[in-house]
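Since the structure comes first, as structure tokens, the remarks are kept for the end.
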Ligand code: PMP
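Residue numbers (my numbering): 325 to 713.
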């Protein structure tokens with residue numbers, strides 16, 4: 325099987341030590357070895373989320389389950405929730421909120437945009453239980469100003485729920501300092517672990533909202549009433565059971581978290597800034613227009629750009645012919661007109677150059693580029709410049 329370099333926005337490439345950890349014989353979920361490892365991992369996750377007062381929740385499932393694991397426990401039927409629309413995954417968040425009975429107010433924005441702070445502030449004026457923000461919307465590559473949005477929510481007494489699936493571990497995120505109440509993510513993106521784990525960090529106000537519920541949580545598997553005693557038991561190194569944890573994935577997560585904290589979160593964010601700058605510089609050199617409509621909206625974990633006129637998702641297959649997997653578009657309004665490149669987790673400048681070279685080669689094959697090499701050179705120059713700065 326010929327395997328392509330995985331530069332889609334998740335799953336992503338995984339370090340060999342993380343893969344080796346995943347491939348070890350399973351540990352029993354009540355074994356001393358696993359209790360110790362999971363307990364340490366839960367504590368370490370607080371440093372990754374930058375939430376010393378947070379309660380980590382890790383269960384088997386994908387990012388969508390993580391969304392539900394956050395929403396189902398703090399939202400009750402009739403609660404008003406405001407959603408900052410930055411694309412496909414904000415729409416999904418609106419659906420999850422509505423499924424749990426919220427009356428949802430979406431603050432709209434065109435594809436590639438983020439609603440203004442004023443628009444969000446006025447949506448919050450009528451009162452809201454929660455403000456939901458997608459940190460990086462994977463469909464558009466738009467980065468939302470989470471710190472500013474969380475401050476607006478705080479002023480109005482609303483909880484801030486951040487979907488960090490395409491951001492956490494890559495984009496700067498100070499959960500406690502920014503006073504975000506709930507953040508959710510999944511293992512297969514900037515945490516650099518294979519797919520299969522849903523993660524939530526709940527800070528005190530979110531836990532308080534959960535405890536103050538009038539009705540039971542509608543989802544059995546997502547109910548924190550059942551999970552919190554289990555997670556606390558692991559944190560206190562006691563055996564416990566509610567639903568079997570994905571022990572191999574947790575061993576892999578624990579290795580990746582160890583690597584992340586060894587690199588240091590600020591250094592990791594800085595590396596992602598360099599990756600983002602490099603990929604954006606390459607796109608610009610190739611004359612490909614970014615989907616984010618303003619430079620400050622461009623994420624560092626993935627890059628999205630429109631195809632040249634006349635080209636479409638065929639380019640994705642063409643890039644694959646040159647050894648690199650990238651993704652087509654996802655936002656319904658512009659689908660088929662743009663592509664997405666993920667660069668998160670353990671990605672470095674070598675993978676960026678390989679990806680840009682494959683994009684250049686595919687553009688040339690399709691008759692859209694005469695001279696190759698300009699994109700790669702621009703990427704390298706931007707990477708080096710950002711490293712120096
Ligand atoms: N939110 C965001 C921002 C995402 O990028 C994704 C996955 N691409 C999800 C939620 C849903 O995650 P999953 O596909 O793992 O269910």
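A virtual CB, placed ideally from N, CA and C, is assigned to each residue, including glycine.
For residue 489, is the beta carbon positioned less than 7 Å from some heavy atom of the ligand PMP? yes
If you compare alpha carbons, which of 429, 489 and 618 is closest to residue 625? 489
Give, in chain order, every unbroken run of the alpha helix (DSSP H) that is at least 4 residues long and sits entirely within the segment 546 to 597. 548 to 559 and 571 to 587
Is residue 386 a contact residue of the ligand PMP, with contact defined as CB to any heavy atom under 7 Å? yes
Local Cβ density within 10 Å of residue 568, reported as buried at 16 or more and exposed below that: Around the beta carbon of residue 568, a 10 Å sphere encloses fewer than 16 other beta carbons of the protein chains shown; the residue is thus reported as exposed.
Distance, residue 688 Cα to residue 363 Cα: Straight across, the Cα-Cα distance linking residue 363 with residue 688 is about 52 Å.
For a test of the three-state rule: what should DSSP assign to residue 679, helix, strand or coil? helix
From residue 715 to residue 578, what does the alpha carbon distance come to, in whole angstroms? With the chain covering only 325 through 713, there is no way to say anything about residue 715.
Taking the beta carbon of residue 565 as the centre, do at least 16 other beta carbons fall within 10 Å, making it buried, or is it exposed? exposed
Going by the C-beta, is residue 461 closer than 7 Å to any heavy atom of the ligand PMP? yes
Touching by the beta-carbon criterion (3+ pairs, under 8 Å), the segment 575 to 589 and the segment 410 to 429: no
Buried or exposed by the 16-neighbour rule on C-beta atoms within 10 Å, applied to residue 527: buried
Could you check whether residue 593 and residue 496 sit closer than 8 Å to each other, using their CB atoms as the reference points? Going by beta carbons, residue 496 and residue 593 fall inside the 8 Å limit.
Pull the bridge partners of residue 507 from the DSSP assignment, please. 486 and 525
Quick one, which of 462, 483, 436 and 461 has its alpha-carbon nearest residue 451's? Selected option, being the one with the closest Cα: 483.
Taking the CB atoms as reference points, tell me whether residue 417 and residue 487 lie closer together than 8 Å. Less than 8 Å separates the beta-carbon of residue 417 from that of residue 487.
Under DSSP, the beta strand (DSSP E) around residue 399 begins and ends at which residues? Neither: residue 399 is in no beta strand (DSSP E) and is coded neither H nor E.
Using the C-alpha atoms, what's the distance from residue 454 back to residue 447? 11 Å
Please report how far the alpha carbon of residue 669 lies from the alpha carbon of residue 343, in whole angstroms. 14 Å
Just to confirm the assignment, what range does the alpha helix (DSSP H) spanning residue 717 have? Past the edges of the chain, shown from 325 to 713, lies residue 717, and the structure says nothing about it.
Below 7 Å, is the gap between the Cβ of residue 391 and the nearest heavy atom of the ligand PMP? Result yes, Cβ under 7 Å from the ligand PMP.
At what residue ranges does the segment 376 to 420 contain a whole run of the alpha helix (DSSP H), taking only runs of 4 or more? 387 to 398
Taking its Cβ as the centre, do 16 or more other Cβ atoms sit within 10 Å of residue 708, making it buried, or is it exposed? Label assigned to residue 708: exposed.
Taking the runs of the beta strand (DSSP E) that are 3 residues or longer, which of them lie wholly in the segment 413 to 465? 427 to 431 and 454 to 458
Could you tell me whether the segment 471 to 479 touches the segment 390 to 404, using the rule of 3 or more Cβ pairs below 8 Å? Short answer: they don't touch.
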